Structure formats: C-alpha cells, structure tokens
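S.K.: Below is one structure. I have some questions about it.
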Amino acid sequence: MAHQEKATSGVEWRITLEDGSSKSLVPDAGPVSRIWAGLGGFDSRVGSERMALTAVSLFYFMRPLYNGLGGNAMWAIMTVVVVLENTVGATIYKCSNRVFATTLAGFLAFGVHWVASQSGHEFEPLITGASVFILASATTFSRFIPSVKALFDYGALIFILTFSLVTVSGYRVDKLFDMACQRISTILIGTCLCLLVTLFICPIWAGEELHILISRNMDKLANSVDGCVDEHFDYNDEHKDSDKQPDKKLLGYKCVLSSKATEESMAKFARWEPAHGRFSFKHPWQQYLKIGASMRSCACCVAALNSCIDSENQAPDFIKKHLSNICLKVSSSSSSVLKEVAKTIKTMKRSSSIEFLVEEMSSAVQDLQNEIKSLPKLLSPPEKSLRGSKPL
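Numbered according to the working numbering, the sequence shown spans residues 18 to 409.
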C-alpha cells in the first residue's frame with residue numbers, strides 16, 4: 018500500500034544500466050537555480066558589503082540626494098569600500114581613525130591655508146609646501162612608534178592623505194572651507210552606514226571569533242598530541258591501513274603554529290568592540306594572546322616529536338616497548354587536560370575536574386621520568402658476562 022502511494026505521488030524516470038541495475042534520472046538544475054544556490058553559499062560578510070554599497074550608492078543615483086552633496090558623494094562610496102571590514106571591531110577601528118584623522122587634517126589644512134593667504138602671494142606656496150612636508154614627515158615617523166602603530170596606523174595614513182589633498186587644493190580653490198566640510202560630511206555618511214550595517218544588521222564580532230579560534234586550536238593541539246604518540250608507537254592498528262586519520266590529527270599543531278597573526282589581529286580589533294553577548298567591555302582579550310603563545314610552544318614540542326616519526330634513526334624496539342605504555346599514558350592525560358581547558362574556555366565556566374586531570378598528568382610525567390632514568394640499566398651489559406670475562 019505504501020509503495021502504491023509512493024508511485025502515485027509523482028512520475029519518476031529510471032534507466033537500466035549495463036549491470037542490470039536501475040537508476041533514477043534527476044533533472045539538471047537550470048541557470049537560475051544554480052545562481053540562486055551560489056548566492057545562498059555566501060556568508061554575511063559579503064552580504065553586509067553589498068548592503069552598505071547599495072545604500073550609499075543612493076546618494077549618487079538619486080537626484081535630491083545628489084544635489085545636496087554633488088560630486089563629493091563619490092567620497093561616501095569610497096569610504097564604504099575602504100572602511101567596511103569583516104568584523105565589527107575592524108570596522109569601528111577604521112571608522113574612528115578615518116573620521117578623527119579627516120576632521121583633524123581638514124581643520125589644520127584650513128588653518129594653514131588661512132596663514133598662507135595672509136602672508137602674501139609670494140610666500141603662500143612656500144608656506145603651503147613647507148607645512149605639507151613637515152606635518153607629513155612627522156606623521157610618517159610617528160607610525161613607527163609601537164603604540165601609535167597599534168591604534169592609529171590607519172588614521173595616520175588618512176591624515177597624510179587628507180591634509181595634503183586639502184592644503185594643496187586650497188592654493189587653487191577659493192571656497193576651501195566648503196570643500197573641507199563637504200568631504201567630512203560625506204565621510205561621516207559612509208562611516209555611519211558601515212557602522213549601522215555591521216553593528217545591527219550583519220554583526221560579526223572579532224572577540225567571539227577569537228574566542229572560538231582559541232578553543233578550536235586547543236582541541237586540534239590535543240588531537241595532535243594523541244596522534245603523534247600513537248603513530249610513533251604504532252598503537253593504533255588502523256594507522257597502518259589508512260593514512261588519512263593520522264594526517265588529520267597531526268596537521269592540527271600546524272594550524273596552531275600559523276595562527277599567531279590572526280590572533281593578534283582579532284585581539285586588536287576586539288578591544289574596539291562594545292559589550293556584546295557574554296563579553297563585557299573590559300574583557301581580558303590580552304589573556305587570549307598569552308594562551309595562544311603557550312599553545313604555540315606546546316605545538317613546537319609536538320612538531321619535534323613528529324619529526325621523530327619520519328626520522329631514519331629510530332630507537333631500538335625494546336626501548337620503544339619499554340616506554341610505550343607510559344608515553345601513551347602521558348599523551349592521554351595531556352590531551353585530556355587540553356580538551357578540558359578548551360571546554361572551559363568555550364563554555365566560560367569553571368571546570369570541576371581540571372585539578373584532578375592536572376594531578377594525573379603530573380603523576381604520569383613523573384612516572385615517565387623514572388622510566389627514563391632506568392634506561393641505562395637496560396643498555397648496560399649483564400653482570401655475569403662481566404664477571405666471566407678475563408683480563409688480557
């Protein structure tokens with residue numbers, strides 16, 4: 018009965034293959050369906066950029082809005098293009114730097130233009146050129162200061178651009194103050210649109226991305242520790258049949274080693290973000306960098322252990338057999354600690370078993386040290402052979 022209902026619910030085309038089996042024909046998707054599926058694959062980062070560019074383009078295409086700004090409406094579009102970033106913190110960082118630098122440079126350029134115009138026609142180009150050279154040079158050298166580079170590097174670049182453009186243009190343009198005000202207003206429009214889209218429509222928080230990255234890297238590091246030790250002692254028999262499983266585990270520590278720049282960038286932008294979700298305004302983002310540095314030092318040890326797997330000089334089998342159980346115990350306890358810490362970071366809740374796991378790991382490490390100290394007894398010759406030997 019169920020088969021009849023299924024058959025009557027629709028028409029299904031099937032073909033017979035060479036081996037006698039049948040296969041249903043699925044119609045190919047049309048171009049519209051493929052385009053729609055492709056659009057659905059994009060994330061919110063692309064959607065926020067489209068939305069902001071579409072909104073700011075109205076100031077250029079709609080006549081009433083264009084009459085209020087004129088040709089300077091293009092500056093609003095350029096602001097959206099260069100300011101809008103993937104995360105909220107990066108967008109706020111660029112917007113704040115651009116608005117502050119543009120406003121400061123605009124008023125300074127207007128002041129220099131007023132002083133140069135009052136000095137006479139002969140001294141005006143000299144004062145203008147000297148001011149551009151001095152302020153641009155001072156701003157360029159200030160970018161080498163670590164604190165300025167960390168917080169205001171983009172703003173220093175925009176300051177040089179705006180000050181030079183407005184100051185040099187003032188030598189030929191009569192209404193310099195109006196031009197500077199229009200430029201500032203268009204930049205404010207572009208930055209406000211970017212902040213509106215990234216904060217309220219498509220928010221992607223750099224702090225949350227950093228939080229997820231740290232916990233994910235810690236899980237990968239724990240899997241790498243297990244995979245490296247298991248493969249070195251041939252503990253898992255599946256490793257001999259499949260090469261994919263150890264590769265996935267062993268590649269985890271490489272992700273940890275290559276994530277330093279990403280972590281520093283996310284921590285930098287996370288400080289600019291307002292309080293959101295579980296993260297307060299003064300969340301200790303710098304502690305994430307310390308955790309990342311500790312994970313990279315551990316990943317370097319895993320990389321050194323991994324190099325022993327492919328090394329031509331291998332330890333004797335009796336030594337590997339002697340240390341295999343305790344090494345597997347150390348790796349298991351270490352990975353358990355890493356996974357528990359990753360879970361603690363992810364949930365932001367204190368773990369009740371972390372102290373027990375750390376004690377278990379310390380005990381396993383102490384046992385490993387004792388086993389290593391007993392290795393000279395295995396390598397030394399038996400006492401009977403020494404007693405039976407005769408001096409020459």
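Ideal placement from N, C-alpha and C gives every residue a C-beta, glycine not left out. None of the values given here were measured: they were computed from a predicted structure.
(1) With DSSP as the reference, label F194 as helix, strand or coil.
(2) Are the CB atoms of W302 and I109 within a distance shorter than 8 Å?
(3) Looking only at its chain, what residues have a beta carbon closer than 8 Å to the beta carbon of T428, apart from the 5 residues adjacent to it on each side?
(4) Quick check: does the Cβ of S136 come within less than 7 Å of any heavy atom belonging to the ligand ADP?
(5) Quick one: using the 10 Å Cβ neighbour count with 16 as the cut-off for buried, is R200 buried or exposed?
(6) Can you list the beta strand (DSSP E) stretches of 3 or more residues lying completely in the region 301 to 363, in chain order?
(7) Looking only at its chain, what residues have a beta carbon closer than 8 Å to the beta carbon of I326, apart from the 5 residues adjacent to it on each side?
(8) Thinking E280 and L238 are a contact (beta carbons under 8 Å), I'd like their distance in whole angstroms, please.
(9) Measuring alpha carbon to alpha carbon, tell me which of E388, V382, F180 ends up nearest K337.
(10) Could you check the C-alpha separation between N234 and A292 for me, to the nearest Å?
(11) Run the CB neighbour count on R115, radius 10 Å, all protein chains shown included, and call it buried at 16 or more, exposed below.
(12) Exposed or buried, A321, counting other C-beta atoms within 10 Å across all chains shown (16 or more means buried)?
(13) Cβ of D236 within 8 Å of Cβ of K356?
(14) Within the same chain, show all residues whose beta-carbon is closer than 6 Å to that of P393, passing over the 5 residues directly before and after it, in chain order.
(15) What residues match up with F296 in a beta bridge as DSSP calls it?
(16) Between the C-alpha atoms of H138 and M196, what's the straight-line distance to the nearest angstrom?
(17) Measure the Cβ-Cβ separation of F12 and L121 and say whether it is below 8 Å.
(18) Does the distance from the C-beta atom of I221 to that of V105 stay below 8 Å?
(19) Leaving out the 5 sequence neighbours to the left and right, which residues in its chain are closer than 6 Å to A118 when beta-carbon positions are compared?
(20) For L268, which of helix, strand or coil comes out of DSSP?
(21) Assign A381 to one of two classes, buried (16 or more other C-beta atoms within 10 Å of its C-beta) or exposed (fewer than that).
(22) Short of 8 Å in beta carbon distance, which residues of its chain neighbour K390, apart from the five on each side in sequence? Order them along the chain.
(23) Please report the residue range of the alpha helix (DSSP H) in which T179 lies.
(24) Which term fits G207, buried or exposed, when burial requires 16 or more other beta carbons within 10 angstroms of its beta carbon?
(25) Residues in the same chain with beta-carbon distance under 8 Å from T179, minus the five sequence neighbours each way, listed in chain order, please.
(26) If you reduce the DSSP assignment to three classes, tell me which class F59 lands in.
(27) Within the continuous alpha helix (DSSP H) that includes F117, where are the two ends?
(28) Quick check: what's the CA-CA separation for S352 versus E225?
(29) May I have the straight-line CA-CA distance separating L11 from S311, to the nearest angstrom?
(30) State the DSSP-derived secondary structure class of M365, mapped to helix, strand or coil.
(31) Let me make sure I understand the geometry here. Which of F286, F296, H300, S241 has the alpha-carbon closest to that of L274?
(32) Our contact map puts S74 next to T215 with C-beta atoms below 8 Å; I'd like the distance itself, whole angstroms only.
(33) Within a Cβ cutoff of 6 Å, which residues of the same chain sit near A359, ignoring the five residues on either side of it in sequence?
(34) With distances taken between CB atoms, is the gap from S276 to G309 smaller than 8 Å?
(35) Just to confirm, is the Cβ distance from A284 to L230 under 8 Å?
(36) DSSP three-state call for P220: helix, strand or coil?
M.R.: Concretely, from the data shown:
(1) For this step, residue 194 is matched to residue 177 along the sequence shown. Of the three classes helix, strand and coil, the one that applies to F194 here is helix, per DSSP.
(2) In the sequence shown, the residue the question calls residue 109 occupies position 92. In the sequence shown, the residue the question calls residue 302 occupies position 285. It is not a contact, given that the beta carbons lie outside the stated cut-off.
(3) With the chain running from 18 to 409 in the structure shown, residue 428 is simply not present.
(4) For the structure depicted, the ligand ADP is absent and the ligand set is empty, with no information on it obtainable.
(5) The count along the sequence shown starts at 1 and reaches residue 200 at position 183. By the neighbour-count rule (16 or more Cβ atoms within 10 Å), R200 is buried.
(6) none
(7) Here residue 326 corresponds to residue number 309 of the sequence shown, with the count starting at 1. Once the five neighbours on either side are set aside, the close Cβ partners of I326 are C245, E248, H249.
(8) Stepping through the sequence shown from its first residue, residue 280 is reached at position 263. Stepping through the sequence shown from its first residue, residue 238 is reached at position 221. Not really, about 14 Å apart at Cβ, beyond 8 Å.
(9) Translated into positions along the sequence shown, residue 337 becomes position 320. Selected option, being the one with the closest Cα: E388.
(10) Taking the sequence shown and counting its residues from 1, one reaches residue 234 at position 217. Taking the sequence shown and counting its residues from 1, one reaches residue 292 at position 275. Going by the C-alpha atoms only, they are around 24 Å apart.
(11) Taking the first residue of the sequence shown as 1, we reach residue 115 at position 98. Buried is the call here.
(12) In the sequence shown, the residue the question calls residue 321 occupies position 304. Flag for A321 reads exposed.
(13) For the purposes of this step, residue 236 is taken as residue 219 along the sequence shown, with counting starting at 1. For the purposes of this step, residue 356 is taken as residue 339 along the sequence shown, with counting starting at 1. Contact: yes.
(14) Your numbering for residue 393 matches position 376 in the sequence shown. Answer for P393: no residue qualifies.
(15) Taking the first residue of the sequence shown as 1, we reach residue 296 at position 279. In the DSSP output, where bridge partners are listed per residue, F296 has H293.
(16) Here the question's residue 138 lines up with position 121 in the sequence shown. Here the question's residue 196 lines up with position 179 in the sequence shown. Going by the C-alpha atoms only, they are around 21 Å apart.
(17) Any answer about residue 12 is impossible in this case: the structure gives the chain only from 18 up to 409.
(18) Position 204 of the sequence shown, counting from 1, holds the residue named residue 221. Position 88 of the sequence shown, counting from 1, holds the residue named residue 105. Contact: yes.
(19) The count along the sequence shown starts at 1 and reaches residue 118 at position 101. Correct list, in chain order: G172, I175, F176.
(20) Start at 1 with the first residue of the sequence shown, and residue 268 comes out as number 251. Residue state, collapsed to three classes: coil.
(21) The residue labelled residue 381 in the question sits at position 364 within the sequence shown. By the 10 Å Cβ count, A381 comes out buried.
(22) Counting from 1 along the sequence shown, the entry for residue 390 is found at position 373. Closer than 8 Å at the Cβ level, and outside the excluded window around K390, lies no residue.
(23) The sequence position of residue 179 within the sequence shown is 162, counting from 1. Its alpha helix (DSSP H) spans residues 163 to 186.
(24) Within the sequence shown, the letter at position 190 stands for residue 207. It is buried - the Cβ of G207 has at least 16 other Cβ atoms within 10 Å.
(25) Counting from 1 along the sequence shown, the entry for residue 179 is found at position 162. The residues are A118, T119, A122, G123, A126, R200.
(26) Numbered from its first residue, the sequence shown carries residue 59 at position 42. Model confidence at F59 stands at a pLDDT of 49, short of 50, so the residue's coordinates are unreliable and nothing is read from them.
(27) The residue labelled residue 117 in the question sits at position 100 within the sequence shown. 105 to 135 is the extent of the alpha helix (DSSP H) around F117.
(28) Numbered from 1 along the sequence shown, position 335 holds the residue referred to as residue 352. Numbered from 1 along the sequence shown, position 208 holds the residue referred to as residue 225. Those two C-alpha atoms are separated by around 24 Å.
(29) With the chain covering 18 to 409 only, the question about residue 11 has no answer from this structure.
(30) The count along the sequence shown starts at 1 and reaches residue 365 at position 348. M365 falls in the coil class under three-state DSSP.
(31) Taking the first residue of the sequence shown as position 1, residue 274 is located at position 257. Checked all of F286, F296, H300, S241; the closest Cα to L274 is S241.
(32) Numbered from its first residue, the sequence shown carries residue 74 at position 57. Numbered from its first residue, the sequence shown carries residue 215 at position 198. Actually they are not in contact, since the Cβ atoms of S74 and T215 sit about 18 Å apart, beyond 8 Å.
(33) One-based indexing of the sequence shown puts residue 359 at position 342. Taken in chain order, the residues that qualify are S232, M235, D236.
(34) Taking the sequence shown and counting its residues from 1, the one referred to as residue 276 is at position 259. Taking the sequence shown and counting its residues from 1, the one referred to as residue 309 is at position 292. In contact: S276 and G309 (Cβ atoms closer than 8 Å).
(35) By 1-based counting over the sequence shown, the position of residue 284 is 267. By 1-based counting over the sequence shown, the position of residue 230 is 213. No; because the gap between Cβ atoms is not below 8 Å, this pair is not in contact.
(36) By 1-based counting over the sequence shown, the position of residue 220 is 203. In this structure, P220 counts as coil in the three-state DSSP scheme.
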